[in-house]
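To keep things clear, I will list the structure first and then write my remarks on it.
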Amino acid sequence: MDKVLRWREALTTAANISGFDSQTIRRESDLVKIVVNDILTKLNCKLQIAWGLEGLVGMEKHIRQVEFLLCLNSLDVQIVGIWGMGGIGKTTIAEVVFAHLSSQFEACCFIANVRESEAKHGLNDLWNQILRKLLKDENLCMATSSLVSTSARERLCSTKALIVLDDVSEFSQLELLARGDCHLFGPGSRILVTTRNKRILSSVDNDKIYEVKELDNDEALKLFHLTAFRNKSPPGDYTTFAKKVVDYAGGNPLALTILGSVIFCHCKSKEDWEGELVKLKKFPNKRIQNVLRFSYDGLEENEREIFLDIACYHKGKHIDEAKGILDACGFCANAGVKILVDMSLISVGKFSTLEMHDLIQEMGWEIVRDECVKNPGKRSRLWLANDVRHVLTNNTGTEDIECMAMNMDLIKIYT
Numbered sequence: 001m002d003k004v005l006r007w008r009e010a011l012t013t014a015a016n017i018s019g020f021d022s023q024t025i026r027r028e029s030d031l032v033k034i035v036v037n038d039i040l041t042k043l044n045c046k047l048q049i050a051w052g053l054e055g056l057v058g059m060e061k062h063i064r065q066v067e068f069l070l071c072l073n074s075l076d077v078q079i080v081g082i083w084g085m086g087g088i089g090k091t092t093i094a095e096v097v098f099a100h101l102s103s104q105f106e107a108c109c110f111i112a113n114v115r116e117s118e119a120k121h122g123l124n125d126l127w128n129q130i131l132r133k134l135l136k137d138e139n140l141c142m143a144t145s146s147l148v149s150t151s152a153r154e155r156l157c158s159t160k161a162l163i164v165l166d167d168v169s170e171f172s173q174l175e176l177l178a179r180g181d182c183h184l185f186g187p188g189s190r191i192l193v194t195t196r197n198k199r200i201l202s203s204v205d206n207d208k209i210y211e212v213k214e215l216d217n218d219e220a221l222k223l224f225h226l227t228a229f230r231n232k233s234p235p236g237d238y239t240t241f242a243k244k245v246v247d248y249a250g251g252n253p254l255a256l257t258i259l260g261s262v263i264f265c266h267c268k269s270k271e272d273w274e275g276e277l278v279k280l281k282k283f284p285n286k287r288i289q290n291v292l293r294f295s296y297d298g299l300e301e302n303e304r305e306i307f308l309d310i311a312c313y314h315k316g317k318h319i320d321e322a323k324g325i326l327d328a329c330g331f332c333a334n335a336g337v338k339i340l341v342d343m344s345l346i347s348v349g350k351f352s353t354l355e356m357h358d359l360i361q362e363m364g365w366e367i368v369r370d371e372c373v374k375n376p377g378k379r380s381r382l383w384l385a386n387d388v389r390h391v392l393t394n395n396t397g398t399e400d401i402e403c404m405a406m407n408m409d410l411i412k413i414y415t
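Residue numbers (UniProt numbering): 1 to 415.
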């Protein structure tokens with residue numbers, strides 16, 4: 001009985017596979033050309049994926065997980081989210097999955113940098129891009145993104161489509177571009193969304209959201225070797241330096257790639273490496289900081305202040321203790337902490353401690369430092385022993401200082 005059911009299921013699946021109609025393509029030679037070109041396109045796509053994966057560390061596990069969530073055998077129209085901090089590899093994962101699966105769909109569309117594209121061109125332009133790609137009509141143009149013509153709607157409803165919306169920053173973008181309940185797209189359609197903000201995926205089932213985690217130590221070293229040494233192992237004398245850079249990057253692929261490229265181009269000796277490490281501790285890499293900063297810039301004032309306080313004072317504290325302090329300072333701690341978690345700026349550890357990636361914490365420190373680079377007394381927060389000592393010794397404190405705290409063990413060395 002089980003075998004019969006499996007056969008029925010297999011025959012149903014085979015019957016649903018679209019092919020080429022020999023009745024509409026009269027000449028046999030034309031039909032052969034079309035079939036051969038289709039096969040070559042699919043083979044080339046698979047070859048490109050194989051070649052592309054050579055420089056991508058740890059990508060196979062991401063592809064497996066995302067494709068599992070996409071449930072490609074289901075005829076339902078589904079949305080899957082890819083969520084994580086800036087630079088963690090969300091876009092790269094979406095690009096590889098898109099290239100890998102596009103041949104299985106009747107129409108495909110990849111909208112990159114939705115956040116930036118909306119700011120430059122507006123959502124209506126993005127919606128028209130989707131329509132043109134899916135309906136293969138470069139002249140198609142809808143006056144407003146909220147309207148779809150009857151003919152376009154009918155064609156979309158019968159088209160199995162793959163759509164990727166990359167770097168979605170507002171719920172309105174997803175609601176409009178993915179058309180809410182997705183009933184506009186044909187059976188088996190899939191929409192893949194990358195975002196730093198989990199709240200944008202509120203309409204997506206939680207088990208359809210893939211959180212991208214940091215690379216483990218072995219993967220991070222491998223990626224760093226690819227960029228800094230062009231896939232060669234570092235000379236024995238440089239192994240310690242390489243591990244220090246990898247520790248600094250904290251498993252963030254973007255940071256590892258940027259730092260690896262900097263070192264490959266500019267560091268030719270031990271002295272160069274040591275100098276670069278010292279520089280990183282004093283002056284964080286701007287390219288990395290700018291990518292991470294987008295998440296902070298999208299926060300409201302309450303969340304910004306809570307984020308800076310956690311970066312400067314509360315990382316590693318029990319969440320209840322930190323919330324109590326933040327509430328006492330006049331902030332809405334419970335709501336703020338939840339938003340920061342959803343924005344991939346902080347996380348809650350298994351022992352209910354507030355955790356923050358080192359690069360994100362460093363970004364928070366830089367935001368405070370930039371309030372007044374030369375005079376710590378004009379900054380809102382002081383947490384470094386050197387800065388506290390300088391302000392107290394020279395009496396340079398101002399009304400700008402909102403909070404001052406430091407490790408008293410460190411201050412003793414100056415007394």
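Where is the CB? At the ideal position from N, CA and C, for every residue including glycine.
Note that the structure is predicted; figures quoted are calculated from it, not measured.
For Ala335, the enclosing alpha helix (DSSP H) covers residues 333–342. With 16 or more neighbouring CB atoms inside 10 Å of its own CB, Arg190 falls in the buried class.
For Gln289, the uninterrupted alpha helix (DSSP H) segment begins and ends at 286–297. Leu165 places its beta carbon less than 8 angstroms from that of Ile111. Scanning its chain for C-beta atoms nearer than 7 angstroms, with the 5 sequence neighbours on each side dropped, one finds around Gly397 the residues Gly377, Val391, in chain order. Straight across, the Cα-Cα distance linking Asn302 with Leu256 is about 32 angstroms.
Excluding five sequence positions before and after Ser202, the CB atoms of its chain that fall closer than 8 angstroms to its own CB belong to Phe171, given in chain order. Residues of the same chain with a CB within less than 6 angstroms of the CB of Phe98, apart from the 5 flanking positions on each side, are Phe110, Val164 in chain order. When the beta-carbon positions are compared, Pro284 and Gly87 stay at least 8 angstroms from each other.
Assignment of Thr396 by DSSP, reduced to helix, strand and coil, places it in the coil class. Along the length of the stretch 59–84, whole alpha helix (DSSP H) runs at least 4 residues long occupy 59–70, reported in chain order. Distances from the CA of Met59 to each of Cys157, Ala94, Leu72 were compared; the closest alpha carbon is that of Ala94. A straight line joining the alpha-carbon of Met363 with that of Arg293 spans about 7 angstroms.
In the structure shown, Glu95 falls within a helical segment according to DSSP collapsed to helix, strand and coil. Annotation for Phe110: no alpha helix (DSSP H) segment contains it, though the beta strand (DSSP E) segment containing it runs 107–111. Nearest Cα to Thr227 within the set Val204, Cys265, Lys244: Cys265.
One alpha carbon belongs to Gln104, the other to Ala405, and they sit about 58 angstroms apart. DSSP lists Ile82 as the beta-bridge partner residues of Tyr210. In the DSSP assignment, Val57 falls outside any beta strand (DSSP E) and carries neither an H nor an E. Boundaries cannot be given for Ile200, as no alpha helix (DSSP H) includes it and DSSP labels it neither H nor E. For a cut-off of 8 angstroms, the C-beta gap from Val246 to Leu221 is around 6 angstroms, short enough to register as a contact. For a cut-off of 8 angstroms, the C-beta gap from Asp342 to Arg199 is around 5 angstroms, short enough to register as a contact.
Judged by DSSP secondary structure, Ile401 falls outside any beta strand (DSSP E); it is assigned neither H nor E.
Between the alpha carbons of Ser352 and Ala333 lies a gap of roughly 15 angstroms. Around the beta-carbon of Phe68, fewer than 16 other beta-carbon atoms lie within 10 Å, marking it exposed. Residue Gly89 holds the alpha-carbon nearest to the alpha-carbon of Leu223 among Ala107, Gly89, Ser380. If you look at Ala161, you'll find it isn't in any alpha helix (DSSP H); it sits in the beta strand (DSSP E) that goes 161–165.
When C-beta atoms of the stretch 299–319 are compared with those of the stretch 273–283, fewer than three pairs fall below 8 angstroms, so the two segments do not count as touching.
In the displayed model, His183 falls within coil according to three-state DSSP, outside both helix and strand.
Of the other Cβ atoms in all chains shown, fewer than 16 fall within 10 Å of the Cβ of Arg64; this residue is therefore exposed. Contact annotation: Leu308 and Val368 have beta-carbon atoms nearer than 8 angstroms. The beta-carbon separation of Leu215 and Val57, rounded to 7 angstroms, stays under the 8 angstroms limit for a contact.
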